Amino acid sequence: MRAIQITEFGGPEVLVPTDLPDPVASGTALLLDVDRAGVNYADTHQAENSYLAAASLPLVPGAEVVGRLADGRRVVSLLAGGGGYAQKALVEPALSFDVPDGVDDTTALAMVVQGASAWLLLRRSAPLAAGESVVVHAAAGGVGSLAVQLAKAWGAGRVIATASSEEKRKLALSLGADVAVDSRAPDMTAALREANGGKRVDIVLDMTGGRVTDQSLAALAPFGRLAFYGMASREQPTPVRPASLLSHSTTVAGMWLAHAFLLPGDVLRPAIAELFGMVLDGRLRAVPGGEYALSEARLAHEALRSRNTVGKLILDPSR
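Here the sequence shown stands for residues 1 to 319, numbered as in full-length UniProt numbering.
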């Protein structure tokens, strides 16, 4: 089969197309013919071995695939150990979800990682109460574009989107954001308060890091929550002091999707079912961010790292 294999860590240049033996199903694993593979920002960290979970070489990256099993079922699957950038992948039934008719491949892939992340952020990490203000950084991205829609659908009083270009800010507004802020604003604290009518904000969803995290934390209202789920800037924020949280009655939460597998019960299955239901009734849509041939995986990573992309990026293993 054709696949992308990493034999040394680094930037997009380490994503090398190659021929590998087909994976062999064993135990509970099932063999999936991959129709499309999802590309996530976390994949760029995995390629350089800067992700939360250390990687080992050689490595076929990719955490999500959609395709068909031998019995003809169309499923979208999470891959705990990678292997998605390939024409075939081994999937576990516990991490595979039937895709309803009417849900296309791009949407299915968007829901299983980025949609589930947005769901967990707003349901678990920083639970949204009706009428609260929600800041969504990187609002045109994969998680952000879905979080804007979910926050609005679930009763947010004001959704404040941040994005780096006029085009991205217009997209966020079209998805339901009430106001869009330039993510390059020199004083994000002031920009967020101004966008919220001069008031501090209740919830911030942040995957940027660095000064954006620091200044967003300073913009929180008493009992406000900041949910941190990525560090696209690759810049560490200032360490948070517990005394500072106490003095402002604020909460900082981290969220890594992998930990959802450790929760009691099957948390992700009803979450993804709810997301698919919202897609089918028109309350939620994935934003296509571009389809690349499998052989162009390097270009997809370059696009992600440039931070000029929107929505969901996918690979076509047939090319």
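We put the CB at the ideal spot given by N, CA and C, even for glycine. Note that the structure is a prediction, hence the values are computed from the model and not measured.
Judged by DSSP secondary structure, Gln5 falls outside any alpha helix (DSSP H) and instead within the beta strand (DSSP E) spanning 2–5. Arg158 sits buried, since 16 or more C-beta atoms from the chains shown fall within 10 Å of its C-beta. For the set Gly142, Gln87, Val112, Ala42, the Cα lying nearest the Cα of Gly290 is the one of Gly142. Under the three-state reduction of DSSP output, Tyr51 falls in the coil class, being neither helix nor strand. Distance from the CA atom of Asn308 to the CA atom of Val91, rounded to whole angstroms, is 31 Å. Ranked by Cα distance from Leu315, the first of Leu246, Arg36, Pro288 is Arg36.
For Asp214, the enclosing alpha helix (DSSP H) begins and ends at 210–218.
Apart from the 5 residues on each side of it in sequence, Lys152 sits with its Cβ closer than 7 Å to the Cβ of Val159, Gly176 in its chain, given in chain order.
When secondary structure is reduced to three states using DSSP, Pro222 falls in the strand class.
Annotation: the continuous beta strand (DSSP E) that includes Ser133 extends over 133–136.
DSSP places Lys88 in the uninterrupted beta strand (DSSP E) bounded by 88–91.
Closest in C-alpha terms to Arg124, from the list Ala94, Leu226, Ala3, Glu13, comes Leu226. For Ile272, the closest of Arg241, Leu146, Ala300, Ala232 by C-alpha to C-alpha distance is Leu146. In the structure shown, Gly38 falls within a strand segment according to DSSP collapsed to helix, strand and coil. Here the C-alpha atom of Gly198 lies approximately 40 Å from the C-alpha atom of Arg269. Per DSSP, the continuous alpha helix (DSSP H) segment holding Pro270 begins and ends at 268–280. If you ignore the 5 residues before and after Thr28, its C-beta comes within less than 7 Å of the C-beta of Glu92, Pro93, all in its own chain and listed in chain order. Between the stretch 280–288 and the stretch 105–113, the count of Cβ pairs shorter than 8 Å is three or higher; the stretches touch. In the DSSP assignment, Tyr292 forms a beta bridge with Leu315. Under the criterion of beta carbons closer than 8 Å, Lys168 and Ala185 do not qualify as touching, at roughly 14 Å.
Gly115 carries a helical assignment under DSSP once its states are collapsed to helix, strand and coil. The beta carbon of Val204 sits closer than 6 Å to those of Val135, Ser216, Leu226, all from its chain and outside the five residues before and after it, given in chain order. Here Glu64 is bridged, per DSSP, to Leu78. The criterion of a C-beta distance shorter than 8 Å is satisfied by Leu220 and Val201. The three-state secondary structure of Ser125, taken from DSSP, is helix. Counting along the chain, Val179 sits inside the beta strand (DSSP E) bounded by residues 179–182.
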